[in-house]
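Chemist: First the structure, which I've put down as C-alpha cells, then a few questions once you've had a look.
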Amino acid sequence: MTSTLTISHLTKSFGGVKALSDVSLHVAAGERVALLGHNGAGKSTLMKVILGLIAADSGEISVCGAAPGGAAARAKVAYLPENATFHSALTGLEQITYYLRLRGENTSEAMALLEKVGLGHAAKRRIGTYSKGMRQRVGLAQTLIGHPDLLVLDEPTSGLDPVSRRDFYALLDRLAAEGAAILLSSHALTEVEARTDRLLILSGGQMVATGSLPDLRREAALPVAMHVTARKGYDADILAALPNAIRVGGALHLTCSQEDKLGTLAQISGLKNKVTDIDVIPPSLEDIYSHFSRRDGQ
Amino acid sequence: MIARIVATAITEAHIARRNLWVLIAVVLMVVFSLVLSAVGSAPSGGLGADRLSITVASLTSLSVYLVPLVALLMSFDAVAGEVERGTLPLLLTYPVARWEILAGKLVAHTGILVVALVAGYGAAALIAVVGDPAAAAGVGALWRLTWTSALLGATFLGIGYALSSLARRASGAAGLAIGLWLGLVVLYDLALLAAVVADDGGIFTTQFFPAALLANPADAFRLFNLTASQATAAATGIGAAAASIALWQSLVSVLCWPLVALGLATLAFRKVQP
Ligand SMILES: Nc1ncnc2c1ncn2[C@@H]1O[C@H](COP(=O)(O)OP(=O)(O)OP(=O)(O)O)[C@@H](O)[C@H]1O
Ligand SMILES: [Mg+2]
Numbered sequence: 001m002t003s004t005l006t007i008s009h010l011t012k013s014f015g016g017v018k019a020l021s022d023v024s025l026h027v028a029a030g031e032r033v034a035l036l037g038h039n040g041a042g043k044s045t046l047m048k049v050i051l052g053l054i055a056a057d058s059g060e061i062s063v064c065g066a067a068p069g070g071a072a073a074r075a076k077v078a079y080l081p082e083n084a085t086f087h088s089a090l091t092g093l094e095q096i097t098y099y100l101r102l103r104g105e106n107t108s109e110a111m112a113l114l115e116k117v118g119l120g121h122a123a124k125r126r127i128g129t130y131s132k133g134m135r136q137r138v139g140l141a142q143t144l145i146g147h148p149d150l151l152v153l154d155e156p157t158s159g160l161d162p163v164s165r166r167d168f169y170a171l172l173d174r175l176a177a178e179g180a181a182i183l184l185s186s187h188a189l190t191e192v193e194a195r196t197d198r199l200l201i202l203s204g205g206q207m208v209a210t211g212s213l214p215d216l217r218r219e220a221a222l223p224v225a226m227h228v229t230a231r232k233g234y235d236a237d238i239l240a241a242l243p244n245a246i247r248v249g250g251a252l253h254l255t256c257s258q259e260d261k262l263g264t265l266a267q268i269s270g271l272k273n274k275v276t277d278i279d280v281i282p283p284s285l286e287d288i289y290s291h292f293s294r295r296d297g298q
Numbered sequence: 299m300i301a302r303i304v305a306t307a308i309t310e311a312h313i314a315r316r317n318l319w320v321l322i323a324v325v326l327m328v329v330f331s332l333v334l335s336a337v338g339s340a341p342s343g344g345l346g347a348d349r350l351s352i353t354v355a356s357l358t359s360l361s362v363y364l365v366p367l368v369a370l371l372m373s374f375d376a377v378a379g380e381v382e383r384g385t386l387p388l389l390l391t392y393p394v395a396r397w398e399i400l401a402g403k404l405v406a407h408t409g410i411l412v413v414a415l416v417a418g419y420g421a422a423a424l425i426a427v428v429g430d431p432a433a434a435a436g437v438g439a440l441w442r443l444t445w446t447s448a449l450l451g452a453t454f455l456g457i458g459y460a461l462s463s464l465a466r467r468a469s470g471a472a473g474l475a476i477g478l479w480l481g482l483v484v485l486y487d488l489a490l491l492a493a494v495v496a497d498d499g500g501i502f503t504t505q506f507f508p509a510a511l512l513a514n515p516a517d518a519f520r521l522f523n524l525t526a527s528q529a530t531a532a533a534t535g536i537g538a539a540a541a542s543i544a545l546w547q548s549l550v551s552v553l554c555w556p557l558v559a560l561g562l563a564t565l566a567f568r569k570v571q572p
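Chain order of the listed sequences is A and B.
Numbering-wise (the working numbering), the first sequence opens with residue 1 and increments by one.
Numbering-wise (the working numbering), the second sequence opens with residue 299 and increments by one.
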C-alpha cells in the first residue's frame, strides 16, 4: 500500500497553546479518511500544516513524496478551507477559470466543473450574490481541478443541503476509485461513518483513536444494551433470571460488556417461552465518539 | 510562470473593472489634466516654446502628485484585502509563487493606470494641438512623460503592495499609504529645500542633495522629464542644484524603481502568514 500522506510525531503550538502534539497518521492512495474532533481539537491546524500554510514546530511530513507547501506538493494537492471565501466581485465562472489557469489546465473545463457541483445556472453571477452553500460548492469545484493525488477538505459538507451532501460523497467515491487520497474533517458523524474508510479522532491536539468504525467499536468496548419484551405475566421471572435488568415502560432494559454479550444472549434464549422479543442495541456512533473525544471538564 | 502572471492579471482586471477603479482612475486623470491645460493655456506661447511642451511641463508637475496617489489607492488593499476576506490561504496552496501573484496584480493595475494616463494626457494634448499648430514639436516630450508616468505608477503600486503586506489590515494599509504619499511626494521635497537653503551651497548641496533626489522615485521622475526637456530651472525651485545631475542618472532611477518596489513588495509578502 503506497502512502500519499505520511505524518510522524508532528507538534505545533501557538504561543502557549498546544494545537497539535505528537500526531502521527498516514493516508493511502484511494483511501477516504475522516478527521473528527471537538471544536478547537486541531483539525484545521493539522490541515494547514499539511498544506504548508503553517510551519510545524517538529515532526516529519511527506506529501506525495515531497515537503509540504513546496511546488511539487502544491501541484498535486487540492484544498478546501473551512468557510471558503472568494472575491465577491468575480463570477463563479471567472473564479474557477482563474484556478484552472493557475494549475495550467484547460480553461474550457470551467463550466463542466461548475455543472458537476450544480452551479451551472449561476456560473455567470457574481459570487457576492451566492448563498453560503453555493459558495461552498465553488470551493468544492476548485478541488476537482486537474486530478489531485491528495484532497484535504476542511468541513466540506458544512452548509450543504442533504441532497448535495449525497452528491458530494458520490463525487468523493469516484475520486477515491481513481486513486486519490482524501482527508476530510467533519462534525457530521453519521455521514462520515457511512462514507469513509477510516476515522481519526483528535482531542486537544492529540490523536486519540484511529481505525475503521468496527475497530473503534471493539477498542472502546462500550457496553451493549438489550431490550427484552416479556410474555404477559412473566416479567417477574425474567427479572429474577437477569438480576441487572430494569423495567422501563413495558420493556426490560439491561446492559452488558462486549465479552458478556453472547453469554447474556444465550441466557435470554434459555428463557425463550417467556420472551416475545429482544433487541440488541450496539453503542451508537455518538457514544463511541464521545468515549474517545472526552475533554477535560466536559 | 508567464501563464500564471497573466491569469492573476486577468482576474485583477475583472475585479478592478467591477470595483469601478478603471473608471475612477480615468476620470481623475482626465479631469485634472483638462483643468490644468485650461489654467496653463493663459500665457500661451509667451515662453517661446510650443503649447504642447508647456502642457507637458505642467502635466509633469501634476503627475508627480497624482500618479503616486492613484497607484497607492489602487494597491493598498491588494494583500491586506485578501487577508481580511480570507481568500489568501486557498490561493497560496496553488502552484503559484508569491512574486507571481504580485506581478500579476502589478500588470493589471499598471495597465489600468496606462489607460487613465493615455486618456488624461491625450485629452490635454488634443487641446494643445488644436490651439497651436506648432505643438507637434512637443510630441516627444509627451511620449516621454507617458512612459515615465507608467513606471512611476508601477513603482508606487509596488510600494503599495509592500505596505499592504506589512499592515495586513486594509485600514492600516490605507493609513500607511497616505503617510507614505505625504512623506515621499510632499514633505521630502520641503525637507530637501529647507536643507539646501540652510546649507547655502555647502557640502550637502553638492554631495548629498543629488543622491537624495535620485533616491526618491517621484523626484527622479520629475528630474528626468524636466532635464530631458531642458526646463529644469523654469519648473523647480531647487533647479540650480538639480541641474548638475546627468540625464542618465535620473533615467536609471526611473527604470530601476519599479523592480526595486516589486522586490520590496515580494519580501514583505513572504512574511505574511495566511
Ligand atoms: N493562528 C492561530 N493563533 C493562535 N492560536 C491558534 C491559531 N490557529 C488555531 N489556534 C488554536 O489552535 C487550536 C486548534 O484550532 P483549530 O482551528 O485547528 O481547531 P478545529 O479542530 O479546526 O476546530 P473547529 O471544529 O472549530 O473548526 C485552538 O485552540 C485554536 O485556538
Ligand atoms: Mg476547523
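Virtual Cβ for every residue (Gly too), placed ideally from N, Cα, C.
#1: Under 7 Å: does the beta carbon of residue 43 of chain A sit that close to some heavy atom of ligand 1?
#2: So residue 414 of chain B and residue 327 of chain B are in contact, right, with Cβ under 8 Å, and what is the actual spacing, rounded?
#3: Taking only heavy atoms of ligand 2 into account, decide whether any of them is closer than 7 Å to the Cβ of residue 277 of chain A.
#4: What residues in its chain sit with their C-beta under 7 Å from that of residue 291 of chain A, if we drop five residues either side in the sequence?
#5: Quick check on residue 569 of chain B - is its C-beta less than 8 Å from some C-beta in chain A?
#6: In three-state DSSP terms, what is residue 568 of chain B?
#7: If you measure from the CB of residue 19 of chain A, is any heavy atom of ligand 1 nearer than 7 Å?
#8: Got a sec? Which residues, its chain only, sit under 8 Å from residue 350 of chain B by beta carbon, not counting five neighbours each side?
#9: Which chain B residues are close to residue 84 of chain A, counting only those with a beta carbon under 7 Å from its beta carbon?
#10: Closest Cβ-Cβ distance between residue 301 of chain B and chain A: below 8 Å?
#11: Could you confirm whether any beta carbon from chain B is found closer than 8 Å to the beta carbon of residue 104 of chain A?
#12: Using a Cβ cut-off of 8 Å (strictly closer), state whether residue 394 of chain B contacts chain D.
#13: Could you name the residues of chain B that residue 93 of chain A contacts, counting a contact when the two beta carbons are closer than 8 Å?
#14: What in chain A is Cβ-close to residue 476 of chain B, meaning under 9 Å?
#15: Three Cβ pairs or more, each shorter than 8 Å: is that satisfied between the region 455-468 of chain B and the region 376-383 of chain B?
#16: Is it the case that the region 443-459 of chain B contacts the region 547-562 of chain B, given that we only count it when at least three CB pairs across the two stretches are under 8 Å?
#17: Measuring alpha carbon to alpha carbon, tell me which of B:331, B:478, B:318 and B:559 ends up nearest residue 360 of chain B.
#18: Assuming residue 303 of chain B is part of the alpha helix (DSSP H), what are its boundary residues?
#19: Take residue 284 of chain A as the anchor and find which of A:167, A:246, A:213 and A:249 has the nearest alpha-carbon.
#20: I'd like to know if residue 349 of chain B contacts chain A, where contact means its C-beta is closer than 8 Å to some C-beta of that chain.
#21: My output table needs one value for residue 5 of chain A: the three-state DSSP class, helix, strand or coil.
#22: Between the Cα of residue 128 of chain A and the Cα atoms of A:80, A:104, A:89 and A:97, which residue gives the shortest distance?
#23: In chain order, what residues of the same chain lie with their CB nearer than 6 Å to the CB of residue 559 of chain B, ignoring the 5 residues before and after it?
#24: Taking the alpha-carbon positions, what's the residue 525 of chain B to residue 366 of chain B distance?
#25: Between residue 312 of chain B and chain A, is there a C-beta pair that is closer than 8 Å?
#26: Taking residue 68 of chain A as the reference, give the member of A:185, A:184 and A:152 with the closest Cα.
#27: Any heavy atom of ligand 1 within a distance shorter than 7 Å of the CB on residue 299 of chain A?
#28: Give the residues of chain A in contact with residue 384 of chain B, contact being defined as C-beta atoms less than 9 Å apart.
#29: Take residue 397 of chain B and list the residues in its own chain whose beta-carbon comes closer than 6 Å to its own, dropping the five residues that flank it on each side.
#30: Under three-state DSSP, which class holds residue 543 of chain B?
#31: Which bits of chain A does residue 466 of chain B rub up against, with CB to CB less than 9 Å?
#32: So which residues of chain A does residue 317 of chain B contact, with C-beta pairs closer than 8 Å?
#33: Would you say residue 110 of chain A faces chain B, with C-beta separation under 8 Å as the test?
#34: Under 8 Å, do residue 198 of chain A and residue 31 of chain A count as touching if we go by C-beta distance?
#35: Can you tell me which residues form a DSSP beta bridge with residue 11 of chain A?
#36: Can you find the residues in the same chain that come closer than 6 Å, C-beta to C-beta, to residue 141 of chain A, ignoring five residues on each side of it along the sequence?
Modeler: This is what the structure gives:
#1: As a working note, residue 43 of chain A is residue 43 in the first sequence. Residue 43 of chain A Cβ: within cutoff of ligand 1.
#2: Counting from 1 along the second sequence, the entry for residue 414 of chain B is found at position 116. Counting from 1 along the second sequence, the entry for residue 327 of chain B is found at position 29. About 4 Å separates the two Cβ atoms, so the contact holds.
#3: Counting from 1 along the first sequence, the entry for residue 277 of chain A is found at position 277. For residue 277 of chain A, the Cβ stays outside the 7 Å cut-off from all heavy atoms of ligand 2.
#4: Taking the first sequence and counting its residues from 1, the one referred to as residue 291 of chain A is at position 291. The answer, listed in chain order, is 220 and 222.
#5: Position 271 of the second sequence, counting from 1, holds the residue named residue 569 of chain B. No, no contact with chain A.
#6: In the second sequence, the residue the question calls residue 568 of chain B occupies position 270. Assigned with DSSP and collapsed to three states, residue 568 of chain B falls in helix.
#7: Position 19 of the first sequence, counting from 1, holds the residue named residue 19 of chain A. Yes, since a heavy atom of ligand 1 falls inside the 7 Å radius drawn around the Cβ of residue 19 of chain A.
#8: In the second sequence, the residue the question calls residue 350 of chain B occupies position 52. If we look at residue 350 of chain B and ignore the five residues flanking it on each side, its Cβ neighbours are 423, 426, 427, 430, 433, 434, 435, 436, 437, 439 and 440.
#9: Taking the first residue of the first sequence as position 1, residue 84 of chain A is located at position 84. Within 7 Å of the CB of residue 84 of chain A, the CB atoms of chain B belong to 388, in sequence order along the chain.
#10: On the second sequence, position 3 is the one that residue 301 of chain B refers to. Yes, residue 301 of chain B counts as interfacial toward chain A.
#11: As a working note, residue 104 of chain A is residue 104 in the first sequence. Yes, its Cβ sits closer than 8 Å to a Cβ of chain B.
#12: Here the protein chains are A and B, and chain D is not one of them.
#13: Taking the first residue of the first sequence as position 1, residue 93 of chain A is located at position 93. By Cβ distance, chain B contributes nothing, its closest Cβ being about 11 Å from residue 93 of chain A, past 8 Å.
#14: Your numbering for residue 476 of chain B matches position 178 in the second sequence. Result: empty, since nearest Cβ-Cβ is about 24 Å, beyond 9 Å.
#15: As far as the Cβ criterion goes, the region 455-468 of chain B touches the region 376-383 of chain B, which means the pair count is three or higher.
#16: Verdict: yes, contact present.
#17: Mapped onto the second sequence, residue 360 of chain B falls at position 62. Of the listed residues, the one whose Cα sits closest to residue 360 of chain B is B:331.
#18: Translated into the one-based positions of the second sequence, residue 303 of chain B becomes position 5. Where residue 303 of chain B is concerned, the enclosing alpha helix (DSSP H) stretches over 300-316.
#19: The residue you call residue 284 of chain A lines up with position 284 of the first sequence. Selected option, being the one with the closest Cα: A:213.
#20: Sequence index remark: in the second sequence, residue 349 of chain B carries index 51 (1-based). In terms of beta-carbon proximity, residue 349 of chain B stays away from the interface with chain A, with every pair separated by 8 Å or more.
#21: Here residue 5 of chain A is taken as the residue at index 5 of the first sequence, counted from 1. If DSSP states are grouped into helix, strand and coil, residue 5 of chain A belongs with the strands.
#22: For this step, residue 128 of chain A is matched to residue 128 along the first sequence. Comparing Cα positions, the closest option is A:89.
#23: Position 261 of the second sequence, counted from the start, is the residue given in the question as residue 559 of chain B. The residues are 453, 456 and 457.
#24: One-based indexing of the second sequence puts residue 525 of chain B at position 227. One-based indexing of the second sequence puts residue 366 of chain B at position 68. Rounded to the nearest angstrom, the gap between the Cα atoms of residue 525 of chain B and residue 366 of chain B is 20 Å.
#25: The residue you call residue 312 of chain B lines up with position 14 of the second sequence. When Cβ-Cβ separations below 8 Å define contact, residue 312 of chain B makes contact with chain A.
#26: Looking up residue 68 of chain A in the first sequence gives position 68. Selected option, being the one with the closest Cα: A:152.
#27: Past the edges of chain A, shown from 1 to 298, lies residue 299 of chain A, and the structure says nothing about it.
#28: Looking up residue 384 of chain B in the second sequence gives position 86. Near residue 384 of chain B (Cβ distances below 9 Å), the residues of chain A are 81, 83, 84 and 85.
#29: Looking up residue 397 of chain B in the second sequence gives position 99. Take residue 397 of chain B, set aside five residues on each side of it, and the residues of its chain with a beta-carbon closer than 6 Å to its own are 564, in chain order.
#30: Within the second sequence, numbered from 1, the residue matching residue 543 of chain B stands at position 245. Here DSSP, grouped into helix, strand and coil, assigns residue 543 of chain B to coil.
#31: Counting from one through the second sequence, the residue named residue 466 of chain B turns up at place 168. Here the premise fails: no neighbours, minimum Cβ distance about 15 Å.
#32: Working through the second sequence from its first residue, we reach residue 317 of chain B at position 19. Per Cβ cutoff of 8 Å: 89.
#33: Here residue 110 of chain A corresponds to residue number 110 of the first sequence, with the count starting at 1. No, its Cβ sits nowhere closer than 8 Å to a Cβ of chain B.
#34: The residue you call residue 198 of chain A lines up with position 198 of the first sequence. The residue you call residue 31 of chain A lines up with position 31 of the first sequence. One thing to note: residue 198 of chain A has its Cβ within 8 Å of the Cβ of residue 31 of chain A.
#35: For the purposes of this step, residue 11 of chain A is taken as residue 11 along the first sequence, with counting starting at 1. Paired residue(s): A:58.
#36: Counted from its first residue, the first sequence places residue 141 of chain A at position 141. For residue 141 of chain A, where only same-chain residues beyond five positions count, the Cβ hits under 6 Å are 96, 113, 114 and 117.
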